[in-house]
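Student: Residue numbers (the numbering used here), protein chains in the order written: chain A, 427 to 645; chain B, 427 to 645; chain C, 427 to 645; chain D, 427 to 645.
Let me begin by handing over the structure; questions about it come next.
4 protein chains.
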Amino acid sequence: MNFKTYIEATGKRAVELAKIAGEISRERGISIAVAPQFTDIKPVVETSGIPVFSQHIDPVKPGAYTGHVLAEALKSSGAVGTLLNHSERRVKISEIEEAVEFARNSDLISLVCANTSGVSAAVAAFDPHMIAVEPPELIGTGIAVSKAKPELITNTVKRIRSVNRNVRILCGAGVSTPDDVSRALELGTEGVLVSSSVVKSTDPRRLLGEMAEAALAGF
Amino acid sequence: MNFKTYIEATGKRAVELAKIAGEISRERGISIAVAPQFTDIKPVVETSGIPVFSQHIDPVKPGAYTGHVLAEALKSSGAVGTLLNHSERRVKISEIEEAVEFARNSDLISLVCANTSGVSAAVAAFDPHMIAVEPPELIGTGIAVSKAKPELITNTVKRIRSVNRNVRILCGAGVSTPDDVSRALELGTEGVLVSSSVVKSTDPRRLLGEMAEAALAGF
Amino acid sequence: MNFKTYIEATGKRAVELAKIAGEISRERGISIAVAPQFTDIKPVVETSGIPVFSQHIDPVKPGAYTGHVLAEALKSSGAVGTLLNHSERRVKISEIEEAVEFARNSDLISLVCANTSGVSAAVAAFDPHMIAVEPPELIGTGIAVSKAKPELITNTVKRIRSVNRNVRILCGAGVSTPDDVSRALELGTEGVLVSSSVVKSTDPRRLLGEMAEAALAGF
Amino acid sequence: MNFKTYIEATGKRAVELAKIAGEISRERGISIAVAPQFTDIKPVVETSGIPVFSQHIDPVKPGAYTGHVLAEALKSSGAVGTLLNHSERRVKISEIEEAVEFARNSDLISLVCANTSGVSAAVAAFDPHMIAVEPPELIGTGIAVSKAKPELITNTVKRIRSVNRNVRILCGAGVSTPDDVSRALELGTEGVLVSSSVVKSTDPRRLLGEMAEAALAGF
């Protein structure tokens with residue numbers, strides 16, 4: 427679950443939301459990770475009991491890099507992984523290869539986002555741990571990629587698999603109901619990225635719980 | 427003091443270094459602020475007792491902005507201000523105006539870095555709280571701008587003052603001895619930015635203490 | 427007149443449009459410059475008889491810079507100046523200072539675009555030849571800045587003049603009728619930037635001619 | 427041959443150098459293309475008689491994109507293709523996919539540069555016409571990649587071929603002697619990218635001629 431810079435998932439509210447995700451995760455026995463803002467990583471790690479990701483990482487080593495996100499700093503704050511190349515924070519192709527490598531060297535899981543099936547296949551060459559395909563035109567719309575563009579997902583899975591047998595494949599954009607989750611798994615992905623639908627939900631516990639159940643049924 | 431992404435100032439070592447800065451600040455009665463990495467802001471705030479700055483801020487409001495640094499998140503983590511446009515993280519001119527405004531709206535102090543006297547005069551038009559002029563060719567060299575280019579500093583002070591009467595003026599780049607600090611104040615600045623000289627010092631407490639004394643003598 | 431990447435102002439159609447501008451300029455005795463795409467600069471210079479600007483310049487010297495726009499190359503192709511920092515191609519603040527200097531060293535006129543009055547005042551510190559204020563939210567709308575936001579223009583003129591006595595001030599965004607031109611000059615600017623209104627006009631000759639007359643009356 | 431922004435390959439000197447390349451190409455019956463600066467594309471097309479590439483293309487369609495490089499403009503100026511993602515002008519991964527598609531739609535040949543074998547394999551997923559692997563640390567050194575890092579080339583060829591059967595593979599960086607060309611072809615590439623060695627040569631005609639012979643012998 428990507429917290430983005432939503433005010434409903436900033437500071438104390440990030441901690442609260444992550445706690446809920448942690449409870450659902452333990453109750454249902456399903457794997458949920460959260461990606462809060464950089465400043466909230468440590469407090470969320472300390473309270474949620476679930477895997478915490480960064481929303482970005484820079485391909486830099488320790489040194490004179492003001493304002494950058496260092497793998498070692500993520501690691502020391504308790505993060506277990508990081509998103510990269512989200513449609514709201516796209517990076518150069520050479521930076522993706524380098525950042526995946528920096529993450530690997532710090533034992534961080536790399537989850538590379540891709541806006542198309544072509545970009546998904548391309549980043550598969552860098553052998554990250556996970557790839558999430560998210561058509562940007564659906565992000566935040568409530569129209570799930572798994573419903574609106576099922577062929578995009580199946581095509582993405584196929585193209586990634588022709589390059590890389592091991593990488594885990596997720597999908598995102600518009601995923602907002604338990605049914606969207608079910609459909610995503612049916613189409614061959616192994617998980618979903620959610621954001622605004624849960625973050626801005628009036629009852630995130632209930633929605634997350636239902637999504638978790640849909641996911642369990644789908645495996 | 428800018429912690430950059432130095433490993434000597436990451437995670438627990440960021441907390442330790444900030445504690446030392448806090449002690450020096452209280453012992454000598456001199457104002458010292460630290461700018462750790464994003465993930466270290468909250469723990470440094472909780473342990474150091476001195477003002478904590480971010481190394482960067484993005485000109486975005488709460489919403490769908492993955493991987494960005496939000497003013498409200500800095501505020502909620504206890505930061506009191508932020509660097510912006512450091513030579514290692516330069517931004518577009520329109521972003522500086524917007525980010526200074528976002529900082530102001532969240533009661534965060536904005537410290538805009540400038541690589542030349544011209545850029546210093548330009549950013550003065552945005553009325554940030556502080557401007558730090560740092561010629562990038564001296565950063566990390568140990569050759570202090572206040573010694574190597576004194577005329578750059580006096581010229582910068584003059585140019586900024588022709589545009590803006592109130593902004594506080596700092597200087598940085600290569601500042602590594604108490605004498606460098608004295609010279610910087612003599613030339614009309616109101617403080618210094620230090621980084622590698624202290625962060626990588628074998629005895630940061632002693633060096634910071636001596637710099638603090640030099641600063642006190644200079645006021 | 428900024429040709430952008432409009433197809434109506436690309437290749438042969440750029441040459442045709444610039445010829446029309448040249449004729450209007452000579453007939454009415456008014457100064458009109460055109461800014462075609464990089465590849466069209468030379469043919470437009472050779473046929474239009476009016477000043478030709480580039481749409482962008484990079485702050486690089488001759489050397490190993492693939493895909494960059496070099497001052498010397500603009501000069502040798504016959505351009506007399508360049509736009510910089512247009513809202514559709516914003517650059518870092520340090521690059522503006524450098525590029526204005528590179529342009530000056532090659533005897534090219536620099537026309538720096540600014541999205542707000544604050545940015546206008548800031549870039550005035552770099553002493554370019556001209557500053558054009560263009561609120562991006564009005565670009566391409568047909569709603570002229572000189573009508574919709576007259577106070578923005580008067581405020582911009584005032585702020586720029588407090589920093590720089592000599593720079594010429596233009597305004598743009600939404601300028602689409604002769605009356606918009608008149609208003610812009612009344613408000614204290616010395617010219618206008620036009621684009622889509624003329625480029626996409628069914629009768630650019632007539633529209634440009636009427637705008638020229640409005641401008642003449644306004645001086 | 428990439429002209430970059432070398433002064434020896436700007437304006438009239440670009441035309442002269444391209445003429446020499448054209449003569450060598452016809453005399454030896456070998457394919458040589460040149461990539462001059464944007465402003466020099468049209469005059470080089472008109473005088474050299476050989477294929478002319480742009481050094482960059484932007485993934486934009488005709489419209490309101492100031493300072494961008496439009497496929498249609500390249501086409502209308504007579505270019506037959508374009509470089510993309512050169513180490514001196516790296517772009518975001520999503521832009522590579524889009525720009526290759528824009529080039530294809532305008533019948534332009536896309537030559538995507540890659541700094542490593544991993545990036546080469548990644549861009550192969552976008553099915554450009556050609557991929558050139560160029561380790562940036564060797565560019566401009568005179569130390570040929572084909573000699574210093576032969577295993578990089580063979581590995582790149584292998585990795586690209588596992589993804590894409592058809593794309594043509596070139597190599598570059600430090601290629602400065604006929605022998606460097608021979609080695610590159612022996613290692614399985616189908617051509618080379620040269621720049622400073624020829625552009626800054628005291629006798630480009632002789633050097634190009636000898637490289638052409640080496641290439642002929644290598645096929």
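Using N, Cα and C, we set each Cβ at its ideal position, and we do this for glycine too.
What you are looking at is a predicted structure, and each value in this text was computed from that prediction instead of being measured.
Figure out for me which residue from E453/D, G455/D, K468/D, I483/D has the closest Cα to the Cα of A440/D.
Tutor: K468/D
Student: Under 8 Å, Cβ to Cβ, is there at least one residue of chain D near F552/A?
Tutor: yes
Student: I want to know whether the segment 575-584 of chain D touches the segment 509-524 of chain D - three or more CB-CB distances under 8 Å.
Tutor: no
Student: Anyone know if the C-beta pair for L534/B and G507/B falls short of 8 Å?
Tutor: yes
Student: Taking only beta-carbon positions, decide if H494/C is within less than 8 Å of chain D.
Tutor: yes
Student: How about the segment 428-448 of chain D and the segment 595-611 of chain C: do they share at least three Cβ pairs that are nearer than 8 Å?
Tutor: no
Student: Per the contact definition of three or more C-beta pairs closer than 8 Å, is the segment 597-604 of chain D in contact with the segment 555-563 of chain D?
Tutor: yes
Student: Nearest chain D C-beta to N541/A closer than 8 Å, yes or no?
Tutor: It does; some Cβ of chain D falls within 8 Å.
Student: With DSSP collapsed to three states, give me the class of K575/C.
Tutor: coil
Student: For the segment 471-497 of chain A, which residues have a beta carbon sitting closer than 9 Å to at least one beta carbon of chain D?
Tutor: none
Student: How is G635/C classed by DSSP in three states: helix, strand or coil?
Tutor: helix
Student: Jot down the residue ranges of each uninterrupted beta strand (DSSP E) in the segment 497-534 of chain C, minimum 3 residues, whole runs only, in chain order.
Tutor: Fully enclosed beta strand (DSSP E) runs of no fewer than 3 residues occupy 507-510 of the segment 497-534 of chain C, in order along the chain.
Student: Helix, strand or coil, according to DSSP, for I433/A in the structure here?
Tutor: helix
Student: Mind pulling the chain D residues with CB within less than 7 Å of S520/A?
Tutor: R516, N541, V545
Student: Near L633/C, what residues of its chain come up, given a Cβ to Cβ distance below 6 Å and the 5 sequence neighbours on each side ignored?
Tutor: V624, S627
Student: Which residue marks the beginning of the beta strand (DSSP E) containing G598/C, and which one marks its end?
Tutor: 594-598
Student: Just tell me which of I446/A, G448/A, S602/A, L500/A has its CA closest to the CA of S480/A.
Tutor: L500/A
Student: So, for A638/A: in the same chain, excluding its five sequence neighbours on each side, which residues have a beta-carbon less than 6 Å away from its beta-carbon?
Tutor: I450, R454, I456
Student: So the candidates are V618/B, A551/B, V538/B; which of them puts its Cα closest to the Cα of N590/C?
Tutor: A551/B
Student: My guess is that A641/D and D605/D are in contact by the Cβ rule of under 8 Å, so how many angstroms apart are they, rounded?
Tutor: The Cβ separation is near 11 Å, so there is no contact.
Student: Do you know how far the Cα of V601/D is from the Cα of I569/D?
Tutor: 7 Å
Student: Examine chain D for any beta-carbon lying closer than 8 Å to the beta-carbon of E523/A, and answer yes or no.
Tutor: yes
Student: Contact criterion: CB-CB distance below 8 Å. Does V618/A meet it with respect to chain D?
Tutor: no
Student: May I have the straight-line CA-CA distance separating I586/B from S532/B, to the nearest angstrom?
Tutor: Annotation: I586/B to S532/B spans about 25 Å, alpha carbon to alpha carbon.
Student: Would you report the Cα separation of I446/D and S622/D, rounded to the nearest angstrom?
Tutor: 16 Å
Student: Return the CA-CA distance between I476/B and A540/D, expressed in angstroms with no decimal places.
Tutor: So the alpha carbons of these two residues sit roughly 46 Å apart.
Student: Compare the Cα-Cα distances from E563/D to each of G489/D, S513/D, T473/D and report the closest residue.
Tutor: It is S513/D whose Cα lies nearest to the Cα of E563/D.
Student: Within the same chain, show all residues whose beta-carbon is closer than 7 Å to that of V470/C, passing over the 5 residues directly before and after it, in chain order.
Tutor: A440, V441, A444, V460, P462, V478
Student: In chain A, what lies closer than 9 Å to V549/D by C-beta?
Tutor: Within 9 Å Cβ-Cβ: I519, A548, A551.
Student: With H, G and I counted as helix, E and B as strand and the rest as coil, what does DSSP make of G493/C?
Tutor: coil
Student: For F464/C and E472/D, I'd like the C-alpha separation in whole angstroms.
Tutor: Taking the straight line joining both Cα atoms gives about 16 Å.
Student: Do you know offhand how far L537/B's Cα is from F429/D's?
Tutor: 41 Å
Student: Does any CB atom of chain A fall closer than 8 Å to the CB of V506/D?
Tutor: no
Student: Tell me the residue span of the alpha helix (DSSP H) that contains V559/D.
Tutor: Unbroken run through V559/D is the beta strand (DSSP E), 556-559; no alpha helix (DSSP H).
Student: Mapping the DSSP letters down to three states, classify L404/B as helix, strand or coil.
Tutor: Examination of residue 404/B is not possible in this model, given that chain B is present from 427 through 645 alone.
Student: In this structure, how does DSSP classify N581/C when only helix, strand and coil are distinguished?
Tutor: helix
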